[in-house]
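Okay, so the sequence shown: first residue is 239 according to our numbering, each after it adds one.
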Amino acid sequence: MDYITLPQTATAFKDIFHEGAAEEYNNAVNSAKQLVNSFLENNRTPFSGITPDQLRALFSQVDFDTPLPDYESLFREVEELYVNHATAFHLPNYIAHLNCPIVIPALAAEVVIAAINSSQDTWDQSAGGTLMEQKLVSWTCNEIGFGAQADGVFTAGGSQSNLMGLLLARDYFAKEKLGHDTRKNGLPAEASRFRIFVSEMTHFSVQNTVSLMGLGEKSLVKVKTDNGFRLSPADLEQAIKKELEQGNLPVAVIATAGTTDFGNIDPLVPIGEIAARYGIWFHVDAAYGCGLLLTEKYRHLLNGIERANSVTTDYHKAFFQPISSSAFLVRDNRYLELITHHADYLNPQENVFEGLNQINKTITQSTRRFDALKLWCTLRLMGKEKLGTYIETIIETTEKTANILEKDGDFQLLTHSDISALVFRYYPAGVQDDVFSDKLNQYIKKEMFQEGKAIVAGTRVNDAFYLKFTLLNPLTTLNDIRNIVSIIKKHGAAFMKQHLSPAL
Ligand SMILES: *Cc1c(COP(=O)(O)O)cnc(C)c1O
239 MDYITLPQTA TAFKDIFHEG AAEEYNNAVN SAKQLVNSFL ENNRTPFSGI
289 TPDQLRALFS QVDFDTPLPD YESLFREVEE LYVNHATAFH LPNYIAHLNC
339 PIVIPALAAE VVIAAINSSQ DTWDQSAGGT LMEQKLVSWT CNEIGFGAQA
389 DGVFTAGGSQ SNLMGLLLAR DYFAKEKLGH DTRKNGLPAE ASRFRIFVSE
439 MTHFSVQNTV SLMGLGEKSL VKVKTDNGFR LSPADLEQAI KKELEQGNLP
489 VAVIATAGTT DFGNIDPLVP IGEIAARYGI WFHVDAAYGC GLLLTEKYRH
539 LLNGIERANS VTTDYHKAFF QPISSSAFLV RDNRYLELIT HHADYLNPQE
589 NVFEGLNQIN KTITQSTRRF DALKLWCTLR LMGKEKLGTY IETIIETTEK
639 TANILEKDGD FQLLTHSDIS ALVFRYYPAG VQDDVFSDKL NQYIKKEMFQ
689 EGKAIVAGTR VNDAFYLKFT LLNPLTTLND IRNIVSIIKK HGAAFMKQHL
739 SPAL
């Protein structure tokens with residue numbers, strides 16, 4: 239019988255993270271660090287302007303069957319293929335999507351998370367990691383204003399947290415109102431009449447969520463918004479009544495605290511009251527708005543969130559955390575029993591570590607990264623107050639930016655923002671209609687991206703195309719904004735010149 243002879247020398251296993259590989263580990267991480275430093279030094283615009291074809295051409299050389307000789311060549315290749323052309327969220331002229339700049343303590347935490355590689359599903363794979371996560375969950379619940387019964391879990395993102403909220407809402411309704419166990423028996427016959435109330439501004443992922451949950455998009459009832467694009471409570475109540483009259487079953491309402499497009503906060507107090515009155519689940523999507531928990535000055539905008547049954551918070555949207563860092567929180571820990579599943583090998587029912595297996599609180603993940611350590615290190619080192627001043631700076635810069643756009647006759651601003659997102663279009667004299675304006679503003683957005691000096695987002699509102707600023711960087715100044723505005727005008731004027739025939 240042949241045995242495979244394992245190599246015995248110290249260098250043979252140098253790629254495996256172990257006590258004999260400390261030098262290799264340090265060298266590798268130092269090379270990676272150098273790459274990051276050169277990113278900071280060299281990437282001075284948010285985007286290089288490279289086209290997909292140009293970038294794709296560089297990939298044709300890569301052959302996985304021929305490994306590179308050392309970390310130096312490895313990271314040189316990574317630099318050419320990726321880092322040189324990566325979108326640089328940390329630059330003040332990046333004000334496109336909901337990507338915040340990130341804080342250093344969280345980056346240092348990433349080094350520890352990656353190397354120690356705990357898995358948060360069970361106590362025996364994480365120990366202190368579980369307690370740290372639980373303490374951060376309690377902290378967030380406390381900031382929300384939940385009582386001692388509250389609980390939650392870190393998730394991969396807001397979409398997943400919203401899914402968990404709606405899933406609990408569905409199963410809770412089935413159990414409490416219909417005496418039906420959805421986990422065991424699947425959807426009840428009545429499920430085709432389940433209705434979930436959202437606004438037109440609710441995050442788009444909710445449509446996928448209800449499909450996934452077997453309720454279909456038809457289960458979503460889109461409630462009108464007011465002129466600040468906030469869900470209108472009066473219209474919500476009317477919509478609920480109408481569905482009841484038609485024999486349908488109102489199950490949940492989602493209020494958004496910080497809509498993705500406008501950063502506006504739905505009126506949480508009246509929506510919560512209506513939800514309570516009709517006995518429906520109240521989920522608050524605070525993926526973006528959770529940042530206001532950090533600031534005393536603007537915290538009042540979230541009043542009413544404490545009455546939610548469940549809440550989504552995305553620390554990677556508004557707490558200056560690297561992706562991923564997010565949580566799903568419930569007012570009453572008993573709700574989570576609806577999703578507890580006892581896998582015998584992971585958390586047998588006779589488990590002695592009662593309450594310490596976070597897997598009982600998740601539905602879509604088993605093995606799970608210790609993302610909580612990033613927020614832990616951030617809060618312990620910087621404190622809530624300092625993070626809060628960053629949020630206040632962003633909000634104030636946004637308000638001043640809104641004033642700049644409003645005063646400038648070349649722009650149409652749709653509304654002010656409770657947080658930091660502004661939707662507007664370049665619409666100077668001579669533009670006659672939406673069709674022309676759409677082409678003009680799409681051109682501006684495209685040209686800006688290709689130029690790479692400043693990046694803004696775009697969105698559609700009432701079928702027309704608008705530009706969007708999302709200001710999440712406290713380093714973005716009004717001078718940066720004025721500069722970005724002039725870049726917009728430059729491209730806009732060029733388009734106007736090309737497309738409007740000169741007056742004869
Ligand atoms: C971004 C966002 C989400 C989705 O969160 P991910 O972390 O991207 O999955 C949900 N709701 C709102 C309001 C958001 O802005």
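Just so you know, even glycine gets a beta-carbon here, dropped at the ideal spot from N, CA and C.
- Just jot down, in chain order, the residues whose CB lies closer than 5 angstroms to any heavy atom of ligand 1. G395, G396, S397, H441, T498, D523, A525, Y526, D552
- Got a sec, what are the start and stop residues for the alpha helix (DSSP H) S269 sits in? Taking the sequence shown and counting its residues from 1, one reaches residue 269 at position 31. From DSSP, the alpha helix (DSSP H) with S269 extends over 260-280.
- Determine the burial state of N423: buried for a count of at least 16 other Cβ atoms within 10 Å of its Cβ, exposed for fewer. Start at 1 with the first residue of the sequence shown, and residue 423 comes out as number 185. By the neighbour-count rule (16 or more Cβ atoms within 10 Å), N423 is not buried but exposed.
- Message: Taking the straight line between their C-alpha atoms, what separation do you get for Y628 and N717?
- Response: Counted from its first residue, the sequence shown places residue 628 at position 390. Counted from its first residue, the sequence shown places residue 717 at position 479. The alpha-carbon of Y628 is positioned some 18 angstroms away from that of N717.
- Task: Within the same chain, show all residues whose beta-carbon is closer than 8 angstroms to that of L306, passing over the 5 residues directly before and after it, in chain order.
- Result: In the sequence shown, the residue the question calls residue 306 occupies position 68. Answer for L306: L312, E315, listed in chain order.
- Give, in chain order, every unbroken run of the beta strand (DSSP E) that is at least 3 residues long and sits entirely within the region 353-410. 389-393
- Message: Given this structure, state the Cα-to-Cα distance separating L225 from K622, to the nearest angstrom.
- Response: The shown model of the chain, from 239 to 742, leaves out residue 225, and the question about it has no answer.
- Query: Is there a Cβ from chain B that is less than 8 angstroms from the Cβ of V673?
  - Reply: Given the protein chain composition of this structure (a single chain), no chain B is represented.
- Query: What did DSSP end up calling Y704 once you bin it into helix, strand or coil?
  - Reply: Counted from its first residue, the sequence shown places residue 704 at position 466. Three-state DSSP puts Y704 in a strand.
- Task: Within the region 595-675, note down every full beta strand (DSSP E) run reaching 3 residues or more, in order along the chain.
- Result: With a minimum length of 3 residues, the continuous beta strand (DSSP E) runs that stay inside the region 595-675 are 649-651, 659-664.
- Message: Is the separation between the beta-carbon of T635 and that of P330 shorter than 8 angstroms?
- Response: The residue given as residue 635 occupies position 397 in the sequence shown. The residue given as residue 330 occupies position 92 in the sequence shown. No, Cβ-Cβ distance for T635 and P330 is not below 8 angstroms.
- Message: Can you look up G696 in the DSSP assignment and give me helix, strand or coil?
- Response: Indexing the sequence shown from 1 puts residue 696 at position 458. Reduced to three states, the DSSP call for G696 is strand.
- So what's R433 in DSSP terms, helix, strand or just coil? Translated into positions along the sequence shown, residue 433 becomes position 195. Three-state result, R433: strand.
- Query: Short check: CB of V661 to CB of V694, under 8 angstroms?
  - Reply: Counting from one through the sequence shown, the residue named residue 661 turns up at place 423. Counting from one through the sequence shown, the residue named residue 694 turns up at place 456. Against a cut-off of 8 angstroms, the Cβ pair of V694 and V661 comes out as no contact.
- Query: Could you give the C-beta distance for L296 and E310, rounded to a whole number, given that I count them as a contact under 8 angstroms?
  - Reply: To locate residue 296, count along the sequence shown from 1; it is residue 58. To locate residue 310, count along the sequence shown from 1; it is residue 72. With 8 angstroms as the limit, L296 and E310 do not qualify as a contact, their Cβ atoms being about 18 angstroms apart.
- Query: Under the three-state reduction of DSSP, which class applies to S564: helix, strand or coil?
  - Reply: Counting from one through the sequence shown, the residue named residue 564 turns up at place 326. Looking at S564 - three-state DSSP - the assignment turns out to be strand.
- Around the C-beta of G390, are 16 or more other C-beta atoms found within 10 angstroms, so that it is buried, or is it exposed? Within the sequence shown, residue 390 is the residue found at index 152, counting from 1. Within a 10 Å sphere around the beta-carbon of G390 sit 16 or more other beta-carbons, which makes this residue buried.
- Query: Would you call the CB atoms of S658 and G501 closer than 8 angstroms?
  - Reply: As a position in the sequence shown, residue 658 is number 420, starting the count at 1. As a position in the sequence shown, residue 501 is number 263, starting the count at 1. It is a contact, given that the beta carbons lie within the stated cut-off.
- Message: Run through the DSSP bridge pairs and tell me what S548 is partnered with.
- Response: If you number the sequence shown from 1, residue 548 lands on position 310. DSSP output for S548 lists H521, V568 as bridge partner(s).
- Local Cβ density within 10 Å of K728, reported as buried at 16 or more and exposed below that: Along the sequence shown, one-based indexing puts residue 728 at 490. The residue in question, K728, is exposed, as its Cβ has fewer than 16 Cβ neighbours within 10 Å.
- Same chain, Cβ closer than 8 angstroms to V448, five either side skipped, listed in chain order: As a working mapping, residue 448 is identified with position 210 in the sequence shown. Hits under 8 angstroms: L404, I434, G454, E455, S457, L458.
- Message: Strictly by DSSP, which residues pair up with T304?
- Response: By one-based count along the sequence shown, residue 304 stands at place 66. Answer is none; T304 lacks a bridge partner.
- Message: Quick check: A556 and Y526, are their CB atoms within less than 8 angstroms of each other?
- Response: Translated into positions along the sequence shown, residue 556 becomes position 318. Translated into positions along the sequence shown, residue 526 becomes position 288. Yes, the Cβ-Cβ distance between A556 and Y526 is below 8 angstroms.
- Query: Near E381, which residues of its chain fall below 6 angstroms by C-beta distance, leaving aside the five closest residues on each side in sequence?
  - Reply: Position 143 of the sequence shown, counted from the first residue, corresponds to residue 381. Within the same chain, E381 has close Cβ partners L531.
- Task: Might you give, ordered along the chain, the residues of its own chain that have their beta carbon closer than 6 angstroms to the beta carbon of V522, omitting 5 neighbours on each side?
- Result: The residue given as residue 522 occupies position 284 in the sequence shown. Contacts found: A493, A495, I543, A546, V549.
- Leaving out the 5 sequence neighbours to the left and right, which residues in its chain are closer than 8 angstroms to G690 when beta-carbon positions are compared? Walking along the sequence shown from the start, residue 690 turns up at place 452. The answer, listed in chain order, is T283, P284, F285, S286, G287.
- State the start and end residues of the unbroken beta strand (DSSP E) segment that holds A334. Your numbering for residue 334 matches position 96 in the sequence shown. Here A334 belongs to no beta strand (DSSP E), and DSSP marks it neither H nor E.
- Item | Under 8 angstroms between C-beta atoms of D359 and I597 | Position 121 of the sequence shown, counted from the start, is the residue given in the question as residue 359. Position 359 of the sequence shown, counted from the start, is the residue given in the question as residue 597. Less than 8 angstroms divides the Cβ of D359 from the Cβ of I597.
- When the distance is taken between beta carbons, is G395 closer than 8 angstroms to D609? Position 371 of the sequence shown holds residue 609. Position 157 of the sequence shown holds residue 395. No, the Cβ-Cβ distance between D609 and G395 is not below 8 angstroms.
- Query: Per DSSP, what kind of secondary structure is L742 in: helix, strand or coil?
  - Reply: What you label residue 742 is simply residue 504 of the sequence shown in a count that begins at 1. Confidence is the limiting factor: at L742 the pLDDT is only 41, short of 50, which leaves the residue's position unreliable and the question unanswerable from this model.
- Item | According to DSSP, residues forming a beta bridge with P343 | Here residue 343 refers to the residue found at position 105 of the sequence shown. Looking at the DSSP output, P343 bridges to nothing.
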